[in-house]
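Input: a single structure, listed below in structure tokens.
Numbering (the numbering used here), first residue to last: 416 to 508.
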């Protein structure tokens with residue numbers, strides 16, 4: 416399932432693929448996400464706004480790691496509310 420991001424430049428909605436999903440605990444999940452433009456511009460301390468569907472709540476998630484060469488970002492989140500619990504149901508692909 417792909418994730419919808421609200422692109423900050425021009426307000427364009429983009430979709431990104433989950434390359435890796437790792438359950439770190441019952442409530443903590445790690446995603447590696449294919450997001451070339453974001454990875455190229457990422458800096459320590461950056462975050463991105465995520466929506467699980469077009470009318471969904473905007474959730475800020477921290478970029479925990481990034482790989483400019485592979486065009487990937489890594490985020491780790493805790494399932495605490497409706498949106499992050501829904502996000503936790505997403506799988507690779």
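Glycine is no exception: its CB is placed at the ideal position from the N, C-alpha and C atoms.
All figures in this text were calculated on a predicted structure; none of them were measured in a lab.
I need the DSSP call for residue i, collapsed to helix, strand or coil.
i, result
"residue 453", "helix"
"residue 477", "strand"
"residue 428", "strand"
Give me the Cα-Cα distance between residue i and residue j, rounded to the nearest whole angstrom.
i, j, result
"residue 501", "residue 492", "12 Å"
"residue 479", "residue 468", "22 Å"
"residue 476", "residue 464", "6 Å"
"residue 498", "residue 504", "10 Å"
"residue 441", "residue 428", "30 Å"
"residue 506", "residue 432", "10 Å"
"residue 451", "residue 459", "16 Å"
"residue 471", "residue 481", "25 Å"
Identify every residue that forms a DSSP beta bridge with residue i.
i, result
"residue 437", "445"
"residue 493", "443"
"residue 483", "DSSP, once it has assigned bridges, lists no residue as partnering residue 483."
"residue 463", "476"
Are the beta-carbon atoms belonging to residue i and residue j less than 8 Å from one another?
i, j, result
"residue 486", "residue 449", "yes"
"residue 453", "residue 488", "yes"
"residue 447", "residue 435", "yes"
"residue 483", "residue 473", "no"
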